[in-house]
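In my numbering, the protein residues as written are 768 to 1308.
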(Lines of atoms letter the chains of each structure in order from A and count residues from 1; the text may use other names and numbers.)
(Lines give C-alpha, C1' and ligand atoms only; values in the text may rest on other atoms or scores of the structure.)
Protein backbone atom coordinates (compact mmCIF):
# COMPACT_ATOMS: atom_id res chain seq x y z
CA UNK A 1 0.00 0.00 0.00
CA UNK A 2 1.41 3.47 -0.89
CA UNK A 3 2.82 5.33 2.07
CA UNK A 4 2.78 9.05 2.80
CA UNK A 5 6.18 10.64 2.97
CA UNK A 6 7.76 10.33 6.43
CA UNK A 7 8.03 13.36 8.68
CA UNK A 8 9.46 14.07 12.14
CA UNK A 9 6.98 14.10 15.02
CA UNK A 10 7.02 17.28 17.12
CA UNK A 11 4.61 16.26 19.84
CA UNK A 12 1.01 15.68 20.82
CA UNK A 13 -0.47 19.20 21.06
CA UNK A 14 -3.49 21.16 19.85
CA UNK A 15 -4.37 20.62 16.19
CA UNK A 16 -3.73 24.30 15.42
CA UNK A 17 -0.24 24.05 16.92
CA UNK A 18 0.87 20.97 15.00
CA UNK A 19 3.69 21.51 12.56
CA UNK A 20 2.61 20.71 9.00
CA UNK A 21 5.78 18.63 8.88
CA UNK A 22 4.85 16.41 11.87
CA UNK A 23 3.81 12.81 11.45
CA UNK A 24 0.76 13.44 13.63
CA UNK A 25 -0.35 16.29 11.37
CA UNK A 26 0.08 14.03 8.37
CA UNK A 27 -2.01 11.38 10.08
CA UNK A 28 -4.82 13.89 10.69
CA UNK A 29 -4.65 14.97 7.06
CA UNK A 30 -4.83 11.36 5.87
CA UNK A 31 -7.87 10.65 8.07
CA UNK A 32 -9.68 13.76 6.82
CA UNK A 33 -9.03 12.74 3.22
CA UNK A 34 -10.98 9.53 3.79
CA UNK A 35 -14.12 11.63 4.37
CA UNK A 36 -13.44 14.44 1.94
CA UNK A 37 -11.96 12.38 -0.90
CA UNK A 38 -13.12 9.47 -3.03
CA UNK A 39 -14.80 6.39 -1.61
CA UNK A 40 -13.00 3.06 -1.17
CA UNK A 41 -9.68 4.65 -0.25
CA UNK A 42 -9.00 3.47 3.30
CA UNK A 43 -6.26 4.96 5.41
CA UNK A 44 -4.03 2.75 7.57
CA UNK A 45 -2.25 4.28 10.55
CA UNK A 46 0.30 2.12 12.34
CA UNK A 47 2.62 2.88 15.23
CA UNK A 48 4.52 1.45 18.16
CA UNK A 49 3.06 2.02 21.60
CA UNK A 50 2.93 5.61 22.84
CA UNK A 51 3.11 7.34 19.45
CA UNK A 52 -0.18 9.25 19.62
CA UNK A 53 -2.19 7.42 16.97
CA UNK A 54 -5.44 7.35 18.99
CA UNK A 55 -5.20 11.05 19.74
CA UNK A 56 -4.66 11.68 16.02
CA UNK A 57 -7.96 9.93 15.33
CA UNK A 58 -9.75 12.18 17.82
CA UNK A 59 -8.11 15.35 16.50
CA UNK A 60 -9.09 14.48 12.94
CA UNK A 61 -12.73 13.83 13.86
CA UNK A 62 -12.90 17.12 15.78
CA UNK A 63 -11.46 18.94 12.78
CA UNK A 64 -14.01 17.37 10.43
CA UNK A 65 -16.89 18.14 12.80
CA UNK A 66 -15.91 21.79 12.93
CA UNK A 67 -16.63 21.95 9.17
CA UNK A 68 -19.61 19.62 8.61
CA UNK A 69 -22.25 17.33 10.01
CA UNK A 70 -20.70 13.94 10.55
CA UNK A 71 -21.72 10.50 11.82
CA UNK A 72 -18.69 8.52 13.06
CA UNK A 73 -18.51 4.98 14.42
CA UNK A 74 -15.50 3.80 16.40
CA UNK A 75 -14.86 0.10 16.88
CA UNK A 76 -12.17 -1.68 18.87
CA UNK A 77 -11.90 -4.77 21.10
CA UNK A 78 -12.67 -2.67 24.20
CA UNK A 79 -14.33 0.70 24.76
CA UNK A 80 -11.68 1.76 27.28
CA UNK A 81 -8.93 1.29 24.67
CA UNK A 82 -10.41 4.10 22.55
CA UNK A 83 -11.05 6.54 25.42
CA UNK A 84 -8.36 8.93 24.05
CA UNK A 85 -10.25 9.19 20.76
CA UNK A 86 -13.40 10.43 22.50
CA UNK A 87 -11.41 12.70 24.81
CA UNK A 88 -9.74 14.49 21.89
CA UNK A 89 -13.00 14.78 19.94
CA UNK A 90 -14.72 16.35 22.98
CA UNK A 91 -11.77 18.68 23.47
CA UNK A 92 -11.82 19.83 19.85
CA UNK A 93 -15.63 19.99 19.55
CA UNK A 94 -16.97 20.72 23.07
CA UNK A 95 -20.60 21.04 21.90
CA UNK A 96 -20.88 17.23 21.93
CA UNK A 97 -22.91 15.83 24.81
CA UNK A 98 -23.43 12.26 25.98
CA UNK A 99 -21.53 9.42 27.59
CA UNK A 100 -20.71 5.72 27.57
CA UNK A 101 -19.18 5.93 24.12
CA UNK A 102 -22.00 7.88 22.44
CA UNK A 103 -21.82 11.66 21.94
CA UNK A 104 -23.88 13.90 19.64
CA UNK A 105 -24.75 17.53 18.88
CA UNK A 106 -25.95 19.59 15.90
CA UNK A 107 -26.08 16.76 13.37
CA UNK A 108 -22.75 15.36 14.60
CA UNK A 109 -22.33 12.03 16.33
CA UNK A 110 -19.51 9.73 17.41
CA UNK A 111 -20.30 6.37 19.02
CA UNK A 112 -18.58 3.14 19.95
CA UNK A 113 -19.72 -0.27 18.71
CA UNK A 114 -18.07 -3.60 19.46
CA UNK A 115 -16.82 -5.42 16.33
CA UNK A 116 -19.36 -8.26 16.52
CA UNK A 117 -22.27 -5.86 17.02
CA UNK A 118 -21.06 -3.68 14.14
CA UNK A 119 -20.88 -6.62 11.73
CA UNK A 120 -24.23 -7.96 12.85
CA UNK A 121 -26.17 -4.68 12.59
CA UNK A 122 -24.15 -2.91 9.85
CA UNK A 123 -25.41 0.63 10.66
CA UNK A 124 -24.68 3.42 8.20
CA UNK A 125 -22.10 6.11 8.98
CA UNK A 126 -19.94 8.73 7.28
CA UNK A 127 -16.69 7.37 8.71
CA UNK A 128 -15.67 4.14 10.44
CA UNK A 129 -12.60 4.19 12.68
CA UNK A 130 -11.16 0.75 13.49
CA UNK A 131 -8.70 1.18 16.37
CA UNK A 132 -6.35 -1.61 17.53
CA UNK A 133 -7.24 -3.37 14.30
CA UNK A 134 -4.53 -6.02 14.76
CA UNK A 135 -6.50 -7.32 17.75
CA UNK A 136 -9.56 -8.00 15.59
CA UNK A 137 -9.68 -11.24 13.58
CA UNK A 138 -8.79 -10.74 9.93
CA UNK A 139 -12.08 -12.23 8.58
CA UNK A 140 -13.97 -9.56 10.53
CA UNK A 141 -11.73 -6.81 9.15
CA UNK A 142 -12.39 -8.02 5.61
CA UNK A 143 -16.14 -7.91 6.17
CA UNK A 144 -15.85 -4.31 7.34
CA UNK A 145 -13.91 -3.37 4.21
CA UNK A 146 -16.52 -5.02 2.00
CA UNK A 147 -19.41 -3.17 3.66
CA UNK A 148 -17.96 0.24 4.60
CA UNK A 149 -16.31 2.48 2.01
CA UNK A 150 -14.81 5.19 4.22
CA UNK A 151 -12.56 3.53 6.78
CA UNK A 152 -9.51 4.25 8.87
CA UNK A 153 -7.54 1.37 10.38
CA UNK A 154 -5.34 2.29 13.31
CA UNK A 155 -3.24 -0.22 15.18
CA UNK A 156 -0.26 -0.91 17.36
CA UNK A 157 2.09 -3.24 15.52
CA UNK A 158 4.68 -3.73 18.23
CA UNK A 159 3.45 -4.96 21.58
CA UNK A 160 0.59 -6.85 23.21
CA UNK A 161 -2.32 -5.01 21.58
CA UNK A 162 -2.45 -7.38 18.63
CA UNK A 163 -0.60 -9.75 16.38
CA UNK A 164 0.98 -6.88 14.48
CA UNK A 165 2.96 -8.97 12.03
CA UNK A 166 -0.09 -11.02 11.17
CA UNK A 167 -1.99 -7.80 10.53
CA UNK A 168 0.84 -6.39 8.43
CA UNK A 169 1.66 -9.49 6.41
CA UNK A 170 -1.79 -10.96 5.93
CA UNK A 171 -4.45 -8.27 6.16
CA UNK A 172 -2.55 -5.38 4.57
CA UNK A 173 -1.51 -7.60 1.66
CA UNK A 174 -5.18 -8.42 1.07
CA UNK A 175 -6.23 -4.78 1.54
CA UNK A 176 -3.62 -3.58 -0.95
CA UNK A 177 -5.22 -5.84 -3.56
CA UNK A 178 -8.85 -5.12 -2.59
CA UNK A 179 -8.41 -1.34 -2.21
CA UNK A 180 -5.28 -0.40 -4.21
CA UNK A 181 -5.96 3.36 -3.88
CA UNK A 182 -5.62 3.33 -0.11
CA UNK A 183 -2.88 5.14 1.81
CA UNK A 184 -0.86 4.35 4.92
CA UNK A 185 1.38 6.08 7.44
CA UNK A 186 3.62 4.71 10.19
CA UNK A 187 4.37 6.95 13.19
CA UNK A 188 7.71 5.99 14.69
CA UNK A 189 8.69 9.00 16.82
CA UNK A 190 7.58 8.74 20.49
CA UNK A 191 5.02 10.97 22.19
CA UNK A 192 5.14 9.62 25.75
CA UNK A 193 8.92 9.34 25.74
CA UNK A 194 11.91 11.31 24.57
CA UNK A 195 13.56 9.84 21.52
CA UNK A 196 15.84 7.00 22.65
CA UNK A 197 14.48 7.20 26.20
CA UNK A 198 16.24 4.64 28.44
CA UNK A 199 13.08 3.91 30.45
CA UNK A 200 11.15 2.96 27.32
CA UNK A 201 14.01 0.70 26.24
CA UNK A 202 14.02 -0.95 29.68
CA UNK A 203 10.25 -1.52 29.53
CA UNK A 204 10.48 -3.09 26.08
CA UNK A 205 13.26 -5.41 27.21
CA UNK A 206 11.58 -6.35 30.50
CA UNK A 207 8.25 -7.30 28.93
CA UNK A 208 9.82 -8.78 25.77
CA UNK A 209 8.29 -6.08 23.57
CA UNK A 210 11.49 -5.68 21.61
CA UNK A 211 11.90 -9.29 20.50
CA UNK A 212 10.94 -10.00 16.88
CA UNK A 213 10.60 -13.46 15.40
CA UNK A 214 12.94 -14.31 12.56
CA UNK A 215 11.67 -13.67 9.04
CA UNK A 216 12.12 -17.21 7.75
CA UNK A 217 12.94 -20.67 9.06
CA UNK A 218 13.32 -24.05 7.41
CA UNK A 219 13.38 -27.54 8.93
CA UNK A 220 14.97 -30.56 7.24
CA UNK A 221 13.30 -33.31 9.26
CA UNK A 222 10.04 -32.24 10.91
CA UNK A 223 9.12 -35.79 11.96
CA UNK A 224 12.37 -36.06 13.89
CA UNK A 225 11.71 -33.07 16.13
CA UNK A 226 10.77 -33.51 19.77
CA UNK A 227 8.55 -31.45 22.04
CA UNK A 228 10.52 -30.33 25.10
CA UNK A 229 9.28 -29.23 28.49
CA UNK A 230 10.80 -25.86 29.43
CA UNK A 231 10.93 -25.70 33.21
CA UNK A 232 10.86 -22.41 35.11
CA UNK A 233 14.56 -22.73 35.90
CA UNK A 234 15.37 -23.34 32.24
CA UNK A 235 13.38 -20.27 31.15
CA UNK A 236 15.42 -18.14 33.54
CA UNK A 237 18.68 -19.84 32.59
CA UNK A 238 18.09 -19.45 28.86
CA UNK A 239 16.18 -16.17 28.38
CA UNK A 240 16.52 -16.39 24.59
CA UNK A 241 14.28 -19.49 24.61
CA UNK A 242 11.72 -17.65 26.73
CA UNK A 243 11.85 -14.66 24.37
CA UNK A 244 11.44 -16.82 21.26
CA UNK A 245 8.46 -18.70 22.71
CA UNK A 246 6.75 -15.57 23.89
CA UNK A 247 7.35 -13.79 20.59
CA UNK A 248 5.55 -16.64 18.79
CA UNK A 249 2.63 -16.40 21.22
CA UNK A 250 2.33 -12.62 20.82
CA UNK A 251 2.49 -12.98 17.03
CA UNK A 252 -0.13 -15.75 16.93
CA UNK A 253 -2.68 -14.75 19.58
CA UNK A 254 -4.30 -11.34 19.81
CA UNK A 255 -5.24 -11.96 23.47
CA UNK A 256 -1.68 -12.57 24.72
CA UNK A 257 -0.99 -10.14 27.57
CA UNK A 258 1.79 -9.29 30.07
CA UNK A 259 -0.02 -11.51 32.59
CA UNK A 260 0.73 -14.50 30.34
CA UNK A 261 4.46 -13.77 30.68
CA UNK A 262 4.09 -13.60 34.45
CA UNK A 263 2.18 -16.91 34.48
CA UNK A 264 4.89 -18.59 32.43
CA UNK A 265 7.51 -17.57 34.95
CA UNK A 266 5.62 -17.78 38.26
CA UNK A 267 2.71 -20.22 38.20
CA UNK A 268 3.54 -23.82 39.04
CA UNK A 269 0.40 -24.94 37.20
CA UNK A 270 1.37 -23.26 33.91
CA UNK A 271 3.65 -25.41 31.73
CA UNK A 272 5.63 -24.38 28.66
CA UNK A 273 6.50 -26.84 25.89
CA UNK A 274 8.59 -25.99 22.85
CA UNK A 275 9.88 -27.62 19.70
CA UNK A 276 13.43 -26.44 19.00
CA UNK A 277 15.60 -26.85 15.92
CA UNK A 278 19.15 -25.48 15.82
CA UNK A 279 18.42 -23.35 18.90
CA UNK A 280 15.41 -21.80 17.15
CA UNK A 281 11.89 -22.17 18.53
CA UNK A 282 9.67 -23.34 15.68
CA UNK A 283 6.58 -24.00 17.80
CA UNK A 284 5.37 -23.83 21.39
CA UNK A 285 2.48 -24.75 23.65
CA UNK A 286 1.36 -22.92 26.77
CA UNK A 287 -0.70 -25.23 29.00
CA UNK A 288 -2.16 -25.21 32.50
CA UNK A 289 -2.71 -28.12 34.87
CA UNK A 290 -6.32 -28.50 36.03
CA UNK A 291 -8.37 -30.82 38.21
CA UNK A 292 -7.19 -32.97 41.09
CA UNK A 293 -9.89 -31.35 43.25
CA UNK A 294 -11.34 -33.05 46.32
CA UNK A 295 -14.90 -34.39 46.33
CA UNK A 296 -16.20 -31.81 48.79
CA UNK A 297 -15.00 -28.94 46.58
CA UNK A 298 -16.50 -30.59 43.48
CA UNK A 299 -19.86 -30.85 45.26
CA UNK A 300 -19.69 -27.12 46.00
CA UNK A 301 -18.87 -26.38 42.36
CA UNK A 302 -21.89 -28.36 41.18
CA UNK A 303 -24.13 -26.42 43.60
CA UNK A 304 -22.77 -23.14 42.24
CA UNK A 305 -21.14 -22.19 45.55
CA UNK A 306 -17.50 -22.37 44.42
CA UNK A 307 -15.58 -21.76 41.19
CA UNK A 308 -11.84 -22.13 41.83
CA UNK A 309 -9.59 -20.10 39.56
CA UNK A 310 -7.40 -21.81 37.01
CA UNK A 311 -9.71 -24.78 36.44
CA UNK A 312 -11.76 -23.46 33.53
CA UNK A 313 -12.56 -26.72 31.72
CA UNK A 314 -12.67 -28.98 34.78
CA UNK A 315 -15.24 -26.79 36.55
CA UNK A 316 -17.22 -26.22 33.35
CA UNK A 317 -17.69 -29.93 32.73
CA UNK A 318 -18.50 -30.87 36.31
CA UNK A 319 -21.01 -28.02 36.76
CA UNK A 320 -22.81 -28.52 33.44
CA UNK A 321 -22.81 -32.32 33.22
CA UNK A 322 -22.54 -33.27 36.91
CA UNK A 323 -19.45 -35.33 36.07
CA UNK A 324 -17.23 -35.61 39.17
CA UNK A 325 -14.32 -37.28 37.39
CA UNK A 326 -13.74 -34.26 35.13
CA UNK A 327 -12.67 -32.26 38.20
CA UNK A 328 -11.23 -34.92 40.49
CA UNK A 329 -8.91 -36.32 37.81
CA UNK A 330 -5.81 -34.36 36.83
CA UNK A 331 -5.87 -32.83 33.34
CA UNK A 332 -3.90 -30.46 31.12
CA UNK A 333 -5.57 -27.58 29.26
CA UNK A 334 -3.87 -26.13 26.19
CA UNK A 335 -4.11 -22.36 26.58
CA UNK A 336 -2.09 -21.32 23.54
CA UNK A 337 -0.40 -23.10 20.65
CA UNK A 338 1.76 -21.33 18.11
CA UNK A 339 3.94 -22.27 15.14
CA UNK A 340 6.45 -20.04 13.38
CA UNK A 341 4.65 -18.25 10.47
CA UNK A 342 7.08 -19.53 7.83
CA UNK A 343 6.49 -23.15 8.93
CA UNK A 344 2.71 -23.16 9.27
CA UNK A 345 0.70 -25.62 7.20
CA UNK A 346 3.29 -28.40 7.54
CA UNK A 347 1.62 -30.30 10.37
CA UNK A 348 3.91 -29.07 13.15
CA UNK A 349 1.00 -28.11 15.41
CA UNK A 350 -0.47 -31.62 15.09
CA UNK A 351 2.93 -33.21 15.76
CA UNK A 352 3.30 -31.15 18.93
CA UNK A 353 -0.17 -32.14 20.14
CA UNK A 354 0.50 -35.78 19.32
CA UNK A 355 3.62 -35.73 21.49
CA UNK A 356 1.84 -33.78 24.22
CA UNK A 357 -0.72 -36.62 24.48
CA UNK A 358 2.09 -39.03 25.35
CA UNK A 359 3.12 -37.06 28.42
CA UNK A 360 2.15 -39.00 31.53
CA UNK A 361 0.26 -37.87 34.60
CA UNK A 362 -2.90 -36.51 32.99
CA UNK A 363 -6.25 -38.28 32.52
CA UNK A 364 -7.24 -36.07 29.61
CA UNK A 365 -6.25 -33.00 27.59
CA UNK A 366 -8.58 -30.07 26.95
CA UNK A 367 -8.71 -26.70 25.24
CA UNK A 368 -11.04 -23.70 25.02
CA UNK A 369 -10.98 -21.11 22.23
CA UNK A 370 -13.07 -18.85 20.00
CA UNK A 371 -14.74 -21.27 17.59
CA UNK A 372 -14.17 -20.91 13.85
CA UNK A 373 -14.62 -23.77 11.40
CA UNK A 374 -10.88 -23.81 10.63
CA UNK A 375 -9.86 -24.09 14.29
CA UNK A 376 -12.55 -26.65 15.12
CA UNK A 377 -11.42 -28.78 12.16
CA UNK A 378 -7.82 -28.60 13.41
CA UNK A 379 -8.72 -29.86 16.89
CA UNK A 380 -11.08 -32.51 15.52
CA UNK A 381 -8.26 -33.77 13.31
CA UNK A 382 -6.22 -34.15 16.47
CA UNK A 383 -8.95 -36.29 18.12
CA UNK A 384 -10.46 -33.64 20.39
CA UNK A 385 -14.26 -33.70 20.69
CA UNK A 386 -16.56 -30.77 21.51
CA UNK A 387 -18.36 -30.84 24.84
CA UNK A 388 -19.58 -27.28 25.29
CA UNK A 389 -20.31 -24.19 23.20
CA UNK A 390 -20.72 -20.79 24.84
CA UNK A 391 -24.03 -18.95 24.53
CA UNK A 392 -22.63 -15.45 23.98
CA UNK A 393 -20.20 -14.24 21.35
CA UNK A 394 -16.92 -12.61 22.34
CA UNK A 395 -17.30 -8.91 21.55
CA UNK A 396 -13.89 -8.50 19.91
CA UNK A 397 -13.64 -11.76 17.96
CA UNK A 398 -17.33 -12.32 17.29
CA UNK A 399 -16.95 -16.03 18.12
CA UNK A 400 -18.53 -18.45 20.58
CA UNK A 401 -16.14 -20.11 23.02
CA UNK A 402 -15.92 -23.88 22.52
CA UNK A 403 -14.52 -26.47 24.93
CA UNK A 404 -12.97 -29.61 23.43
CA UNK A 405 -11.48 -32.67 25.15
CA UNK A 406 -9.17 -35.52 24.19
CA UNK A 407 -9.09 -38.88 25.98
CA UNK A 408 -9.13 -42.48 24.75
CA UNK A 409 -9.52 -44.05 28.20
CA UNK A 410 -12.26 -42.02 29.95
CA UNK A 411 -15.77 -43.23 29.14
CA UNK A 412 -17.32 -40.08 30.61
CA UNK A 413 -15.81 -38.06 27.74
CA UNK A 414 -17.95 -39.98 25.25
CA UNK A 415 -20.98 -39.48 27.50
CA UNK A 416 -20.64 -35.70 27.80
CA UNK A 417 -19.85 -35.43 24.08
CA UNK A 418 -23.14 -37.22 23.33
CA UNK A 419 -25.00 -34.94 25.77
CA UNK A 420 -23.46 -31.89 24.12
CA UNK A 421 -24.80 -32.94 20.72
CA UNK A 422 -28.25 -33.71 22.10
CA UNK A 423 -28.50 -30.19 23.51
CA UNK A 424 -26.75 -28.40 20.67
CA UNK A 425 -29.16 -29.70 18.03
CA UNK A 426 -31.94 -27.81 19.80
CA UNK A 427 -29.98 -24.65 20.67
CA UNK A 428 -29.11 -24.25 17.00
CA UNK A 429 -32.68 -22.94 16.62
CA UNK A 430 -32.43 -20.35 19.40
CA UNK A 431 -29.24 -19.66 21.42
CA UNK A 432 -26.93 -20.61 18.54
CA UNK A 433 -29.19 -19.53 15.70
CA UNK A 434 -26.52 -17.09 14.44
CA UNK A 435 -23.79 -19.73 14.11
CA UNK A 436 -22.17 -19.66 10.67
CA UNK A 437 -23.12 -22.68 8.49
CA UNK A 438 -19.43 -23.58 8.04
CA UNK A 439 -19.03 -23.88 11.81
CA UNK A 440 -22.24 -25.92 12.08
CA UNK A 441 -20.82 -28.38 9.54
CA UNK A 442 -17.51 -28.61 11.41
CA UNK A 443 -19.16 -29.25 14.78
CA UNK A 444 -21.67 -31.77 13.41
CA UNK A 445 -21.28 -35.27 14.92
CA UNK A 446 -19.36 -37.87 12.95
CA UNK A 447 -22.18 -40.40 13.21
CA UNK A 448 -25.93 -40.01 13.58
CA UNK A 449 -27.26 -39.64 17.11
CA UNK A 450 -30.95 -39.82 16.10
CA UNK A 451 -33.03 -42.46 14.31
CA UNK A 452 -34.92 -41.78 11.09
CA UNK A 453 -37.99 -44.04 10.43
CA UNK A 454 -37.90 -45.57 6.95
CA UNK A 455 -41.58 -44.70 6.33
CA UNK A 456 -40.73 -41.02 6.66
CA UNK A 457 -38.78 -41.05 3.38
CA UNK A 458 -41.97 -41.36 1.37
CA UNK A 459 -43.31 -38.11 2.82
CA UNK A 460 -39.98 -36.38 2.18
CA UNK A 461 -39.94 -37.61 -1.42
CA UNK A 462 -43.48 -36.33 -1.93
CA UNK A 463 -42.45 -32.85 -0.77
CA UNK A 464 -39.28 -32.94 -2.86
CA UNK A 465 -41.40 -33.72 -5.95
CA UNK A 466 -43.77 -30.80 -5.32
CA UNK A 467 -46.32 -32.18 -2.87
CA UNK A 468 -47.31 -31.15 0.65
CA UNK A 469 -45.85 -27.87 2.03
CA UNK A 470 -42.78 -26.81 3.98
CA UNK A 471 -44.51 -26.22 7.33
CA UNK A 472 -46.18 -29.66 7.24
CA UNK A 473 -42.99 -31.52 6.35
CA UNK A 474 -40.60 -29.51 8.59
CA UNK A 475 -40.56 -31.90 11.61
CA UNK A 476 -39.75 -34.87 9.34
CA UNK A 477 -37.22 -32.89 7.35
CA UNK A 478 -35.43 -31.74 10.50
CA UNK A 479 -35.39 -35.28 11.89
CA UNK A 480 -33.98 -36.57 8.60
CA UNK A 481 -31.14 -34.01 8.62
CA UNK A 482 -30.38 -34.83 12.28
CA UNK A 483 -29.96 -38.47 11.24
CA UNK A 484 -27.13 -37.61 8.84
CA UNK A 485 -23.51 -38.22 9.78
CA UNK A 486 -20.90 -35.56 9.17
CA UNK A 487 -19.89 -36.90 5.74
CA UNK A 488 -23.43 -36.46 4.36
CA UNK A 489 -24.14 -33.30 6.34
CA UNK A 490 -21.09 -31.50 4.91
CA UNK A 491 -22.70 -31.68 1.46
CA UNK A 492 -25.72 -29.63 2.57
CA UNK A 493 -26.13 -26.12 1.21
CA UNK A 494 -25.99 -23.04 3.43
CA UNK A 495 -29.72 -22.63 2.79
CA UNK A 496 -30.52 -26.11 4.11
CA UNK A 497 -28.45 -25.45 7.23
CA UNK A 498 -29.73 -21.93 7.92
CA UNK A 499 -33.41 -22.54 7.16
CA UNK A 500 -34.07 -26.12 8.29
CA UNK A 501 -31.45 -26.82 10.95
CA UNK A 502 -31.24 -23.30 12.42
CA UNK A 503 -34.82 -22.21 11.68
CA UNK A 504 -33.79 -18.80 10.28
CA UNK A 505 -36.62 -16.67 8.86
CA UNK A 506 -37.25 -16.78 5.10
CA UNK A 507 -36.45 -13.08 4.76
CA UNK A 508 -33.18 -13.52 6.71
CA UNK A 509 -32.11 -16.42 4.48
CA UNK A 510 -32.95 -14.46 1.33
CA UNK A 511 -30.92 -11.48 2.52
CA UNK A 512 -27.91 -13.52 3.67
CA UNK A 513 -27.77 -15.97 0.76
CA UNK A 514 -28.90 -13.82 -2.16
CA UNK A 515 -32.28 -15.39 -3.02
CA UNK A 516 -35.13 -13.41 -4.58
CA UNK A 517 -37.74 -14.87 -2.23
CA UNK A 518 -39.35 -17.89 -0.64
CA UNK A 519 -40.38 -19.50 -3.93
CA UNK A 520 -36.78 -19.65 -5.16
CA UNK A 521 -35.56 -20.98 -1.82
CA UNK A 522 -38.20 -23.71 -1.62
CA UNK A 523 -37.29 -24.84 -5.13
CA UNK A 524 -33.66 -25.29 -4.07
CA UNK A 525 -34.70 -27.12 -0.89
CA UNK A 526 -36.91 -29.52 -2.88
CA UNK A 527 -34.21 -30.17 -5.50
CA UNK A 528 -31.53 -30.70 -2.86
CA UNK A 529 -33.74 -32.97 -0.77
CA UNK A 530 -34.66 -35.10 -3.76
CA UNK A 531 -30.97 -35.77 -4.42
CA UNK A 532 -30.32 -36.50 -0.76
CA UNK A 533 -33.29 -38.87 -0.52
CA UNK A 534 -32.19 -40.73 -3.64
CA UNK A 535 -28.71 -41.22 -2.22
CA UNK A 536 -30.12 -42.28 1.14
CA UNK A 537 -32.40 -44.90 -0.41
CA UNK A 538 -29.62 -46.31 -2.56
CA UNK A 539 -27.32 -46.51 0.45
CA UNK A 540 -29.97 -48.38 2.42
CA UNK A 541 -30.75 -51.00 -0.24
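Note that beta-carbon positions come from the ideal geometry of N, C-alpha and C, so glycine has one too. Keep in mind that this is a model prediction, so the values were computed, not measured.
Where residue i sits in the DSSP three-state scheme
i	result
residue 1048	strand
residue 1153	strand
residue 938	helix
residue 1083	helix
residue 1251	coil
residue 922	strand
residue 1062	helix
residue 1199	coil
residue 1282	coil
residue 928	Only weak support is given to the placement of residue 928: the predicted model assigns it a pLDDT of 38, under 50, and the question is left unresolved by the model.
residue 1129	coil
residue 810	strand
residue 898	strand
residue 1137	strand
residue 1056	strand
residue 1091	coil
residue 954	strand
residue 988	coil
residue 1236	coil
residue 997	strand
residue 983	coil
residue 1172	strand
residue 1214	coil
residue 1040	strand
residue 903	coil
residue 1274	helix
residue 1164	coil
residue 947	coil
residue 914	helix
residue 723	Here the chain covers residues 768 to 1308 and nothing more, so residue 723 does not appear.
residue 1035	coil
Spatial neighbours of residue i in its chain, beta-carbon cut-off 7 Å, leaving aside the 5 residues before and after
i	result
residue 916	806 and 807
residue 893	802, 837, 838, 839 and 917
residue 1073	1064 and 1067
residue 1211	1253 and 1256
residue 1247	1219, 1223 and 1227
residue 1243	1223, 1226 and 1227
Residue i versus residue j - alpha carbon distance
i	j	result
residue 1229	residue 1235	7 Å
residue 1241	residue 1263	12 Å
residue 1239	residue 1208	25 Å
residue 814	residue 1045	33 Å
residue 911	residue 809	11 Å
residue 1126	residue 1116	16 Å
residue 1231	residue 1282	19 Å
residue 1087	residue 1034	27 Å
residue 1090	residue 1096	11 Å
residue 1054	residue 1039	6 Å
residue 1129	residue 1123	10 Å
residue 864	residue 871	6 Å
residue 1134	residue 1027	16 Å
residue 1145	residue 876	43 Å
residue 1290	residue 1271	17 Å
residue 1298	residue 1017	48 Å
residue 920	residue 1175	46 Å
residue 834	residue 854	19 Å
residue 1201	residue 1084	24 Å
residue 1156	residue 873	45 Å
residue 1108	residue 1012	13 Å
residue 985	residue 1009	20 Å
Contact belief for residue i with residue j at Cβ below 8 Å, rounded distance in angstroms
i	j	result
residue 908	residue 842	The Cβ separation is near 10 Å, so there is no contact.
residue 824	residue 895	Actually they are not in contact, since the Cβ atoms of residue 824 and residue 895 sit about 11 Å apart, beyond 8 Å.
residue 849	residue 821	7 Å
residue 1132	residue 1101	7 Å
residue 1007	residue 811	Incorrect: roughly 33 Å between the Cβ atoms, too far for contact.
residue 1233	residue 1285	Not confirmed; about 15 Å, so no contact.
residue 899	residue 922	6 Å
Cβ shell of residue i (< 6 Å), same chain only, five flanking positions each side left out
i	result
residue 1215	1250 and 1252
residue 880	840 and 842
residue 1050	1042, 1106, 1115 and 1119
residue 767	Residue coverage of the chain in this structure runs from 768 to 1308, which leaves residue 767 outside it and unanswerable.
residue 953	813
Contacts around residue i, its chain only, beta-carbon distance under 8 Å, and the 5 residues preceding and following it disregarded
i	result
residue 1142	1136
residue 799	827, 830 and 831
residue 1092	1130, 1177 and 1179
residue 1098	1056, 1057, 1058, 1080, 1081, 1129, 1130, 1131, 1132 and 1133
residue 1015	980, 1048, 1050, 1051, 1105, 1106 and 1107
residue 1060	1068, 1075, 1078, 1081, 1094 and 1095
Inset, instruction - Jot down the residue ranges of each uninterrupted beta strand (DSSP E) in the segment 1095-1126, minimum 3 residues, whole runs only, in chain order. - result: 1097-1106
Inset, instruction - Enumerate, from N- to C-terminal direction, the unbroken alpha helix (DSSP H) stretches of 4 or more residues contained entirely within the segment 831-881. - result: 850-859
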